[in-house]
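Structure first, then comments.
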Amino acid sequence: MSSDKKKMTRGELGLQVIIFSLGFFYAIVYYVAVPGTVNLQAVSDQLLAYLTAVLTAAFAIGVINLTRVHVNNIKRKRATWRYSVILIICLFAMAIFSMIASPFALDPRATVIPAGVIAFSTPIWEFLYYKILVNINSTIFSLLAFFIASAAYRAFKARSLESTILLVAGLLVILGQAPVVDLVWPGFGAIRDWILAFPNTAGQRGILIGAALGILVFSVRRLFRYPWGD
Amino acid sequence: MAASSLRSDPRLVYLILLLVVTVPVLTHAVISVPITPTTRALYDFIQNLPPNSLVVESFDYATSVVPELHPQAIVVTQHIFLRPLKVLFVAQDPNGPPLADAVLDTINKGNKSYGVDYANLGYIPNTATLIGMPSNIAQFLPLDTRGNPTASLPIIKEFPAAKDAALVITFDDDGSALYSYLQYWQGSFNIAVAVGATATVAPGFMPFYSSGQLVGILISIRGAAEYESLLNQQYNCCLGISGASSAMVALSASHLLIVAMVVFGNAAYFISRRTSKREK
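Residue numbers (this note's numbering), protein chains in the order written: chain A, 1 to 230; chain B, 1001 to 1280.
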């Protein structure tokens, strides 16, 4: 063991004990059915319910942080302060209307919030969500098609054997995915299916197995005190 | 010459793309769509589910991919409502619950009623909830999106735990939701899983389809058009319900434009390379 290795503080040790205990507990519950008077699955479910509360609180911290950053931007009149104003207005307007009239409403049965307020807010929320948010996001994502069309003749070049194979495979999949081409000659569809089912699956499996092994190694190291700060 | 002018100013390509997409959409041109095996597999699985089976539909896509995944959600939900099945709507993406409501507003619900045959349980906020739901739905999602106590719904009394589901289908734009269901619902409880995916992420799901872990995959808006066509063949209904079928000409034209651009770009590349070699 190297001499310059940092020693655990008492707090870090306590945290590590909690991490190990919970991680080990969940591994046991996941893999082993333990018979006995204590229902481990029920204990596990209850702990998960607490975790839900903790993780939900993290969202509140996110909102507080975002608000602080952008309110500071506005107060100090930083270069982009106008965008901060828009962000704050959008953030809270959407949040307030969502909490009153949406599938996330805090009081959908109008026990505390007056029914009139909910009735007033519902069309506003629906307009903000379905008519603005959905369309803006879809439009921005659709711009990708223009970038791909532009990249098609700029970047997709057969410069080497590997890039040629990739290019040809890509073109065949694109042709097979176009229903008109598939109707003209069903062979394109069959070729696309073969490429997706065999070469693609083989490559994806390699990536998946590699990533899974990496996650496993990381998890085990984390359970058994992976050095803090590294 | 033409290639270099296009490289410096791609507006002509943008204009052509705009035309090949908008003209077919505006003219509502429709073509028949060959059915891919992954779509057929999902359709057959749902068609062959025993009556009164529970299906969980998970809306796990952001609003940005609504044009691609929303039609899939519409056609699959319509199919489930045409059959004597029960369905719970959940979402691992916060955008999911309103999108599930939008799907319910679009389809023909027949004589099925909320709470008895279907319910929207809303957002699954984290993995902890997802892991807990197979054991007890009401404990982890105590209220539905309408504010009803989940435990009081007849559908939840009939199916108190998600492990009773015959199928979970996730409409997933990045794979994270699918991996969660495969890991926690299929791995532990052997629940059948299917996915509706965007064209960009679908190839990454093929290993799970080949291994039998996925019962079917709907790939992009074309998958929705194929499903719509299958519904039309079987039930003589639903053609045009999702808008996917009328997008197929535009999809074909845009794909062909991309292929033409690649061929054109490569032809220009090889000509310019040959010219520069000769000059040397």
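Each residue gets a CB set at the ideal place from its N, CA and C atoms; glycine is no exception.
Quick caveat, the model's predicted, so the values are computed rather than measured.
With burial defined as no fewer than 16 other Cβ atoms inside 10 Å of the residue's Cβ, what is the status of residue i: buried or exposed?
i, result
"A/M1", "Low local confidence applies: a pLDDT of 47 at A/M1 is under 50, so the model's placement there is unreliable, and no value is given."
"B/Y1181", "buried"
"B/W1185", "buried"
"B/D1172", "buried"
"A/V17", "exposed"
"A/C232", "There is simply no residue 232 of chain A to check, as chain A begins at 1 and stops at 230 in what is shown."
"B/Q1092", "buried"
"B/K1277", "exposed"
"A/G194", "The question names Gly, but residue 194 of chain A in the sequence shown is Trp. Under this definition A/W194 is an exposed residue."
"B/E1158", "exposed"
"A/S219", "exposed"
"B/P1084", "exposed"
"B/E1228", "buried"
"B/Y1061", "buried"
"B/Y1043", "buried"
"A/L106", "exposed"
"B/C1238", "buried"
"B/E1226", "buried"
"A/W125", "buried"
"B/L1082", "buried"
"B/L1140", "This sequence places Phe at residue 1140 of chain B; Leu is not what is there. Label assigned to B/F1140: buried."
"A/V217", "exposed"
"B/V1262", "buried"
When you compare each of the options to residue i by their alpha carbons, which one comes out closest?
i, options, result
"B/I1137", "B/S1113, B/A1165, B/Y1114, B/G1110", "B/A1165"
"B/I1169", "B/P1098, B/T1039, B/A1225", "B/T1039"
"B/L1242", "B/I1221, B/S1254, B/L1257, B/N1048", "Sequence check: residue 1242 of chain B is Ser here, not Leu. If we check each option's Cα against that of B/S1242, B/I1221 comes out closest."
"B/A1041", "B/A1194, B/L1141, B/M1133", "B/A1194"
"B/E1057", "B/L1121, B/A1244, B/T1127, B/S1113", "B/L1121"
"B/I1191", "B/V1055, B/P1050, B/V1075, B/A1100", "B/V1055"
"B/L1012", "A/L213, A/F198, A/E126, A/F146", "A/F146"
"A/T52", "B/V1262, B/A1202, B/V1249, B/N1126", "B/N1126"
"B/Y1209", "A/T56, A/V32, A/G14, A/N200", "A/N200"
"B/T1129", "B/T1106, B/D1117, B/P1142", "B/P1142"
"B/N1052", "B/R1274, B/L1167, B/H1028, B/A1247", "B/L1167"
"B/P1024", "B/V1249, B/Y1179, B/D1009", "B/V1249"
"A/S21", "A/R109, A/A211, A/L47", "A/L47"
"B/K1112", "B/P1098, B/P1134, B/D1144, B/H1079", "B/H1079"
"B/F1045", "B/F1270, B/Q1139, B/I1031, B/V1076", "B/V1076"
"A/V63", "A/Y83, A/I88, A/K75, A/R82", "A/I88"
"B/T1063", "A/F92, A/A57, A/K131, A/G23", "A/K131"
"B/V1103", "B/A1260, B/V1065, B/F1059, B/S1135", "B/F1059"
"B/L1251", "B/V1087, B/G1223, B/A1267", "B/G1223"
"A/I28", "A/S44, A/L13, A/L15", "A/S44"
"A/Y30", "B/Q1233, B/T1200, B/F1189", "B/F1189"
"A/G189", "A/V173, A/Q204, A/G203", "A/V173"
"B/L1153", "B/V1087, B/A1197, B/P1134", "B/V1087"
"B/T1106", "B/V1065, B/Q1072, B/S1135, B/V1262", "B/Q1072"
"A/Y114", "A/F127, A/I100, A/L167, A/L175", "Per the sequence shown, the amino acid found at residue 114 of chain A is Pro instead of Tyr. Residue A/I100 is the option with its Cα nearest to A/P114."
"B/S1176", "B/G1204, B/P1160, B/G1240", "B/G1204"
"B/A1253", "B/A1029, B/A1197, B/A1162", "B/A1029"
"B/G1187", "B/I1124, B/D1174, B/M1206, B/Q1213", "B/Q1213"
"A/A158", "B/P1010, B/N1266, B/S1272, B/K1280", "B/N1266"
"B/A1202", "B/Q1183, B/D1174, B/V1215", "B/D1174"
"B/E1068", "A/R221, A/S142, A/A49", "A/S142"
Return the bridge partner residues of residue i from the DSSP annotation.
i, result
"B/Y1114", "B/Y1118"
"B/Y1123", "B/A1091"
"B/V1056", "B/L1088, B/V1168"
"B/A1143", "One detail in the question is off: residue 1143 of chain B reads as Leu in this sequence, not Ala. Beta-bridge pairing links B/L1143 to B/P1149."
How far does the alpha helix (DSSP H) with residue i in it extend, from its first residue to its last?
i, result
"B/G1265", "1248-1279"
"B/P1097", "1096-1106"
"A/F104", "Counting along the chain, A/F104 falls outside any alpha helix (DSSP H), and DSSP gives it neither H nor E."
"A/T122", "115-126"
"A/F198", "Element bounds for A/F198: n/a, residue is neither H nor E."
"B/V1025", "1011-1027"
"B/A1041", "1037-1047"
"B/P1067", "1066-1082"
Is the CB of residue i under 8 Å away from at least one CB in chain C?
i, result
"A/V220", "Protein chains in the displayed structure are A and B, and chain C is not among them."
Query - Contained alpha helix (DSSP H) runs [length at least 4] in the region 128-186 of chain A, N- to C-terminal order - result: 134-154, 161-177, 179-184
Query raised in the report: Quick one: complete alpha helix (DSSP H) runs, 4+ long, within the region 1145-1205 of chain B?
Result: 1154-1158, 1176-1180
Requested in this report: Output the residue ranges of the beta strand (DSSP E) runs that lie fully inside the region 23-72 of chain A and measure 3 residues or longer, sorted by chain position.
Outcome: none
Requested in this report: With a floor of 3 residues, list each beta strand (DSSP E) that falls wholly inside the region 1201-1244 of chain B, ordered by position along the chain.
Outcome: 1214-1219
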